[in-house]
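According to the working numbering, the sequence shown is numbered sequentially starting from 37.
All C-beta atoms, glycine included, are put in the ideal place defined by N, C-alpha and C.
Reviewing the structure listed below.
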Amino acid sequence: MTLTASLDNLHTVVNYLRQSLPDHAIVFLRGDLAAGKTTLTQAVARAVGIDTDVTSPTFSLQHVYSDHLFHYDLYRMDMEAFVGLGLFEEFERPGWHMVEWGSDELEALLMQVGFPLYEVQIEPVGEDKRQYSIRLLLPH
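The following block contains the structure:
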């Protein structure tokens, strides 16, 4: 599914995700720097009643916003370090796991283990809109 939205109507993308994704899902947020990955996570948090500041976990690697919303920034994080920190086990916690900069290696491992894995590719369209391509990732 592909949706186009501005910041003012980002709720349409969030509503689609809430209707389409299971209660426990890992969502790879893909897009260039400043594409809107954290902005989408902020909108999801607002939609589920989280009123805390939602920021990118660039240096902490993970933010836990509730017992059902988790946010990761894995920029330049290699798989060995990720597993060594015990973060892989976090994906077993029920809820939505929003993952920025997830590697192909992590994607393959998650699919091999059998986690529900989704991708949201975010691309700018004009000055104030983004295109959100949402799909279920299937093993190759």
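Pick out whichever of the options has its Cα sitting closest to the Cα of residue i.
| i | options | result |
| --- | --- | --- |
| LEU110 | VAL50, VAL63, VAL80 | VAL63 |
| PHE124 | ASP103, TYR101, LEU97 | LEU97 |
| GLU126 | LEU39, GLN148, ALA61, THR48 | ALA61 |
| ASP59 | TRP137, LEU174, PHE151 | PHE151 |
| ASP87 | THR77, PHE95, ARG66 | THR77 |
| ARG66 | SER139, MET147, LEU174 | SER139 |
Kindly indicate if chain C contains any beta-carbon less than 8 angstroms away from that of residue i.
| i | result |
| --- | --- |
| PRO58 | Among the protein chains of the structure shown there is no chain C, as only one such chain exists. |
Beta strand (DSSP E) containing residue i: first to last residue?
| i | result |
| --- | --- |
| SER102 | 98-102 |
Taking the DSSP output, what are the residues bridged to residue i?
| i | result |
| --- | --- |
| HIS133 | ILE62, PHE106 |
| THR190 | Nothing about residue 190 can be reported from this structure: the residues present for the chain run from 37 to 176 only. |
| LEU172 | TYR154 |
Could you check whether residue j and residue i sit closer than 8 angstroms to each other, using their CB atoms as the reference points?
| i | j | result |
| --- | --- | --- |
| GLU155 | ARG171 | yes |
| TYR101 | ALA81 | yes |
| PHE16 | LEU153 | Limits of the chain in this structure are 37 at one end and 176 at the other, which puts residue 16 out of reach. |
| TYR168 | ALA83 | no |
| LEU39 | VAL49 | yes |
| ALA79 | LEU46 | yes |
For the alpha helix (DSSP H) that residue i lies in, which residues bound it at each end?
| i | result |
| --- | --- |
| VAL161 | Run containing VAL161: none in the alpha helix (DSSP H); it sits in the beta strand (DSSP E), 153-161. |
| SER56 | 47-56 |
Stretch pair the stretch 155-167 + the stretch 68-77: three plus CB contacts closer than 8 angstroms: yes
Do three or more CB pairs link the stretch 97-106 to the stretch 129-138 at distances below 8 angstroms? yes
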